[in-house]
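Each protein sequence line maps, in turn, to chains A and B. Residue numbers are given in the working numbering: position 80 of the first sequence equals residue 145, and the series is strictly consecutive. Residue numbers are given in the working numbering: position 35 of the second sequence equals residue 42, and the series is strictly consecutive. Beneath this line is the structure, given in structure tokens, with notes to follow.
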Amino acid sequence: DAGITQSPRHKVTETGTPVTLRCHQTENHRYMYWYRQDPGHGLRLIHYSYGVKDTDKGEVSDGYSVSRSKTEDFLLTLESATSSQTSVYFCAIRDRVNEKLFFGSGTQLSVL
Amino acid sequence: QQQVKQSPQSLIVQKGGISIINCAYENTAFDYFPWYQQFPGKGPALLIAINPDVSEKKEGRFTISFNKSAKQFSLHIMDSQPGDSATYFCAAGTGGGNKLTFGTGTQLKVEL
């Protein structure tokens with residue numbers, strides 16, 4: 066699992082509430098990513114980080130923000146959750162040695 | 008804008024048969040083409056990857072065929088087994104696993 070831990074694994078929330086998902090890695094990788102997975106869309110990049118406090122937008126960044134105050138933690142925040150953000154969220158790291166992308170186990174988020 | 012198109016959406020193959028999944032891309036800057044395998048409730052796992060310098064790469068029963076001029080690549084699973092039943096995603100990117108663009112996925116079922 067490339068030392069990636071996502072929390073929580075499942076979450077149910079209501080429309081309009083803030084939600085924060087956490088990704089924790091133990092192997093000091095520089096690059097971290099947040100993807101969402103939806104039927105018919107595959108995996109789509111939300112935001113990514115290339116170092117502490119260095120982040121950038123991906124393909125579907127509207128409604129999401131991220132923060133990376135430490136190398137090991139990459140947080141994804143939905144400021145005001147909407148039903149369209151019901152999805153499975155995956156964190157990934159790019160291995161600093163072989164540059165390959167490895168995924169965590171995912172967070173199933175339901176916004177009611 | 009979908010930059011990586013994947014087909015078929017679903018596939019049923021008999022045990023021992025060959026499974027073939029196809030992908031086409033648009034961005035000629037892509038130089039890294041991985042395939043991921045995903046089981047229910049798990050994150051995608053890197054299966055095999057190729058770069059444009061070669062036309063084919065084989066790892067065990069899994070082979071990637073790459074056609075640079077046609078901007079297409081495919082995954083062949085030889086001697087398909089029930090344990091290969093999973094969802095497969097192709098992807099494309101530049102600079103290794105950075106900011107990968109994924110196809111929409113193929114659900115493979117291998118029947119006895």
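C-beta atoms are modelled at their ideal positions from N, C-alpha and C, and glycine is treated no differently.
Test: residue i CB closer than 8 Å to a CB of chain A
i                : result
Thr112 (chain B) : Checking the displayed sequence, the identity of residue 112 (chain B) turns out to be Gly instead of Thr. Taking Cβ atoms only, chain A reaches closer than 8 Å to Gly112 (chain B), which makes this a yes.
Asn105 (chain B) : yes
Leu54 (chain B)  : no
beta-carbon residue i near the ligand NAP non-hydrogen atom, thresh 7 Å
i                : result
Gly112 (chain B) : Among the components modelled here there is no ligand, and therefore nothing to report on the ligand NAP.
Beta-ladder partner(s) of residue i, from DSSP
i                : result
Leu107 (chain B) : None; Leu107 (chain B) has no bridge partner.
Ser152 (chain A) : A:Leu174
Pro41 (chain B)  : B:Ala56
Phe73 (chain B)  : B:Phe80
Arg159 (chain A) : A:Tyr96 and A:Leu166
Leu143 (chain A) : A:Val84 and A:Tyr129
Gln71 (chain A)  : A:Cys88
Any chain B beta carbon closer than 8 Å to residue i
i                : result
Tyr185 (chain A) : A query on residue 185 (chain A) cannot be resolved here, the shown segment of chain A reaching from 66 to 177 and no further.
Lys165 (chain A) : yes
Arg133 (chain A) : no
Tyr113 (chain A) : yes
Ser72 (chain A)  : no
Phe139 (chain A) : no
Arg87 (chain A)  : no
Ser171 (chain A) : This sequence places Gly at residue 171 (chain A); Ser is not what is there. Closer than 8 Å to some Cβ of chain B, the Cβ of Gly171 (chain A) qualifies, so yes.
Sufficient close CB pairs (3 or more, under 8 Å) joining the stretch 14-21 of chain B to the stretch 71-89 of chain A: Counting Cβ pairs under 8 Å, fewer than three are found: no touch.
Touch test, the stretch 138-151 of chain A against the stretch 29-49 of chain B, Cβ-Cβ under 8 Å, three pairs minimum: no
Minimum length 3: unbroken beta strand (DSSP E) runs contained in the stretch 84-134 of chain A: 84-90, 96-103, 107-116 and 119-122
Contact the stretch 59-68 of chain B vs the stretch 163-176 of chain A: 3+ CB pairs below 8 Å: no
Three or more C-beta pairs below 8 Å linking the stretch 118-133 of chain A and the stretch 75-83 of chain B: no
Given 8 Å, three or more beta-carbon pairs between the stretch 92-101 of chain A and the stretch 82-97 of chain B: no
Meets three-Cβ-pair contact criterion under 8 Å: the stretch 99-115 of chain A and the stretch 99-112 of chain B: As far as the Cβ criterion goes, the stretch 99-115 of chain A touches the stretch 99-112 of chain B, which means the pair count is three or higher.
Residues in the stretch 144-162 of chain A having any Cβ partner in chain B nearer than 7 Å: Phe155 and Arg159
Chain A contacts from the stretch 37-63 of chain B (Cβ-Cβ distance under 9 Å): Listed in sequence order: Tyr39, Pro41, Tyr43, Gln45, Gly48, Lys49, Gly50, Pro51, Ala52, Leu53 and Ala56.
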